[in-house]
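Chains as they are written, first to last, in my numbering: chain L, 1 to 159; chain C, 160 to 450.
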């Protein structure tokens, strides 16, 4: 059960960690890299609070060993903002009141950001399908959908 | 929940992986998407001493038609099916199936092959692959062999894979003209296993008779079930309401569901009857378009 060294790029910064193979990626991100924006909700791959982007695709970091991410690119919620400017999805969540308690928000926004990259003109249905793996226990889905629509419009206007 | 410790291997070739399997056999588990394995490890329902992570093996991630088959590599993710123009245009039954599995984030990791190799009768691809009469290619120390999916599921969470064999590819016969298939799942909410689900694949000949038929049932017994009696009543006939009614009744009788939180056995058997009739009709509609 020897530890292994892994190298990952997190939010553009190369990072390394000495990990036990059983270490889950979410624990590596929160405890080793000290990036606590990624949340632990259900810990059973249902809720999506732990969502991060792995090579651009949203995945649940509670159900991946950190060692599997060796050599890959990770984006966490801390990486959405660029040079002091909020990502359009973050701006949308502010403008449309897309969060209540905020616990699901980091995962929700990462899923939305990846989704809008592949689907610049989403329908409401396709947004709801895209976020169906991210649960909001405040049930604030109406404003979450509006927030993502706001971001889609903003991205389209900027393109 | 932190999984129990294990030794980790990340082979970079199929030969290296099968050599590790030969060495460690039943103490080892293959890690592909990990969407079933890691949750089971957290719950201590699986405690492998060795994890063989096949994600570093190149050239196992593909979807292509060749030599009469749609070929799906072992590392093809569920979300790759949804992204594939080939699958979207020619294999809607696979889109029906994959889009009901777990949720979009899980599908970015989960593999189609893992959905079969796990051997869970609640998984969705087994019924669909039974309906499509697919085969799986497995590689072990003695070389490669093909196993028809109809012989693959041997018991609860058990398959025909030997402990030293790796599933490398799924082979789906390319359906002839006049074919159509569909999968309909009843689930309580996104991410749940099926209360019941049914897959149907039909080929309707020029004269209007059903030439080929496959019907598979999800979460309807200790293994995925091929509803052979229902298939027999459809094969060779022009499919009308009465034939569909008979097939649906037979599929229901071939099922062996257990009562649980998702419903009583009696309810599930009736659900299978209803879903079988619906899925045959949807497959017929698609077969009519595929001519």
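Where is the CB? At the ideal position from N, CA and C, for every residue including glycine.
Endpoints, the beta strand (DSSP E) within which residue i is located
i	result
residue 72 (chain L)	Neither: residue 72 (chain L) is in no beta strand (DSSP E) and is coded neither H nor E.
residue 209 (chain C)	209-212
residue 190 (chain C)	187-190
residue 306 (chain C)	302-307
residue 273 (chain C)	That residue, residue 273 (chain C), is in no beta strand (DSSP E); its alpha helix (DSSP H) goes 271-276.
residue 313 (chain C)	312-314
residue 166 (chain C)	166-168
Neighbour list for residue i in chain L, Cβ cutoff strictly below 7 angstroms
i	result
residue 197 (chain C)	63
residue 262 (chain C)	132, 133
residue 267 (chain C)	57, 58, 59
residue 160 (chain C)	43
Interface residues of chain C facing residue i [CB-CB closer than 7 angstroms]
i	result
residue 124 (chain L)	The contacting residues do not exist; residue 124 (chain L) stays about 16 angstroms from chain C at best.
Chain-ordered neighbours of residue i on chain C, where CB pairs are closer than 8 angstroms
i	result
residue 149 (chain L)	What residue 149 (chain L) touches in chain C: nothing, since even the nearest Cβ is about 18 angstroms away.
residue 48 (chain L)	262, 264
residue 20 (chain L)	164
residue 172 (chain L)	Coverage of chain L is limited to positions 1 through 159, which leaves residue 172 (chain L) absent and any answer about it impossible.
residue 105 (chain L)	Going along chain C, no residue has its Cβ under 8 angstroms from residue 105 (chain L), so there is no contact; the nearest lies around 15 angstroms.
residue 139 (chain L)	Simply none; closest approach about 13 angstroms.
residue 13 (chain L)	The premise fails here: residue 13 (chain L) is roughly 23 angstroms from chain C at the closest Cβ pair, so nothing lies under 8 angstroms.
Boundaries of the alpha helix (DSSP H) in which residue i is found, first to last residue
i	result
residue 360 (chain C)	Where residue 360 (chain C) is concerned, there is no enclosing alpha helix (DSSP H), although the beta strand (DSSP E) it sits in stretches over 355-363.
residue 94 (chain L)	88-95
residue 194 (chain C)	It is not in any alpha helix (DSSP H) - residue 194 (chain C) carries neither H nor E in the DSSP assignment.
residue 374 (chain C)	Note, residue 374 (chain C): premise wrong, no alpha helix (DSSP H); beta strand (DSSP E) at 369-377.
residue 150 (chain L)	141-158
residue 107 (chain L)	105-118
residue 98 (chain L)	Counting along the chain, residue 98 (chain L) falls outside any alpha helix (DSSP H), and DSSP gives it neither H nor E.
residue 292 (chain C)	No alpha helix (DSSP H) contains residue 292 (chain C), which DSSP labels as neither H nor E.
residue 34 (chain L)	Residue 34 (chain L) -> no alpha helix (DSSP H), and no H or E assigned at all.
residue 265 (chain C)	263-266
residue 181 (chain C)	173-183
residue 218 (chain C)	From DSSP, residue 218 (chain C) is part of no alpha helix (DSSP H); its letter is neither H nor E.
residue 400 (chain C)	400-413
residue 389 (chain C)	387-393
residue 246 (chain C)	244-249
residue 127 (chain L)	124-130
Those residues which DSSP pairs with residue i across a bridge
i	result
residue 52 (chain L)	L:59
residue 419 (chain C)	C:422
residue 331 (chain C)	C:229
residue 345 (chain C)	C:355
residue 7 (chain L)	L:16
residue 85 (chain L)	L:82
residue 299 (chain C)	C:302
residue 224 (chain C)	C:229
residue 380 (chain C)	Beta-bridge pairing links residue 380 (chain C) to no other residue.
residue 236 (chain C)	C:270
residue 397 (chain C)	C:368
residue 338 (chain C)	C:362
residue 317 (chain C)	C:314
Proximal residues of chain L, C-beta to C-beta of residue i below 8 angstroms
i	result
residue 167 (chain C)	4, 21, 65, 67
Amino acids of chain L, ordered along the chain, whose beta-carbon sits closer than 9 angstroms to that of residue i
i	result
residue 193 (chain C)	63, 64, 65, 68
Residue i: contacting residues in chain C (beta-carbon distance under 9 angstroms)
i	result
residue 111 (chain L)	263, 264
Within-8 angstroms CB hit, residue i to chain D
i	result
residue 189 (chain C)	Absence of chain D from the displayed structure is noted, the protein chains being L and C.
Touching by the beta-carbon criterion (3+ pairs, under 8 angstroms), the region 6-21 of chain L and the region 41-50 of chain L: no
Proximal residues, the region 207-241 of chain C versus chain L, C-beta separation under 8 angstroms: 210, 212, 214, 238
Against chain C: residues of the region 26-60 of chain L by CB proximity under 9 angstroms: Answer in chain order: 27, 43, 44, 45, 46, 48, 51, 54, 57, 58, 59, 60.
Selection of the region 294-308 of chain C by Cβ proximity to chain L, strictly under 9 angstroms: none
Residues within the region 347-362 of chain C neighbouring chain L, beta-carbon criterion of under 8 angstroms: Taking 8 angstroms as the upper bound on Cβ-Cβ separation, chain L lies near residues 349, 350 of the region 347-362 of chain C.
Meets three-Cβ-pair contact criterion under 8 angstroms: the region 73-91 of chain L and the region 137-145 of chain L: Result no; under three Cβ-Cβ pairs closer than 8 angstroms.
Given 8 angstroms, three or more beta-carbon pairs between the region 344-353 of chain C and the region 393-405 of chain C: When Cβ pairs closer than 8 angstroms are counted between the two stretches, the region 344-353 of chain C is seen not to touch the region 393-405 of chain C, the count staying below three.
Meets three-Cβ-pair contact criterion under 8 angstroms: the region 326-344 of chain C and the region 431-449 of chain C: Result yes; three or more Cβ-Cβ pairs closer than 8 angstroms.
Contact the region 374-393 of chain C vs the region 407-416 of chain C: 3+ CB pairs below 8 angstroms: Touching, per the Cβ criterion.
Residues of the region 79-97 of chain L with Cβ closer than 7 angstroms to any Cβ of chain C, in chain order: Residues: none.
Cβ contact check for the region 279-295 of chain C and the region 204-214 of chain C: 3 or more pairs under 8 angstroms: no
Inter-stretch contact (C-beta, 8 angstroms, three-pair minimum) for the region 316-330 of chain C and the region 175-182 of chain C: Touching, per the Cβ criterion.
The region 116-126 of chain L / the region 59-72 of chain L touching (three or more Cβ pairs under 8 angstroms): Contact between the region 116-126 of chain L and the region 59-72 of chain L is absent, because fewer than three Cβ pairs lie under 8 angstroms.
Touch test, the region 56-64 of chain L against the region 260-267 of chain C, Cβ-Cβ under 8 angstroms, three pairs minimum: yes
At least three beta-carbon pairs within less than 8 angstroms, the region 192-201 of chain C to the region 216-223 of chain C: no
Cβ contact (3+ pairs, closer than 8 angstroms) linking the region 350-360 of chain C and the region 308-316 of chain C: Fewer than three pairs of CB atoms, one per stretch, sit closer than 8 angstroms, so the region 350-360 of chain C makes no contact with the region 308-316 of chain C.
Inter-stretch contact at 8 angstroms, needing at least 3 Cβ pairs: the region 297-310 of chain C / the region 251-258 of chain C: no
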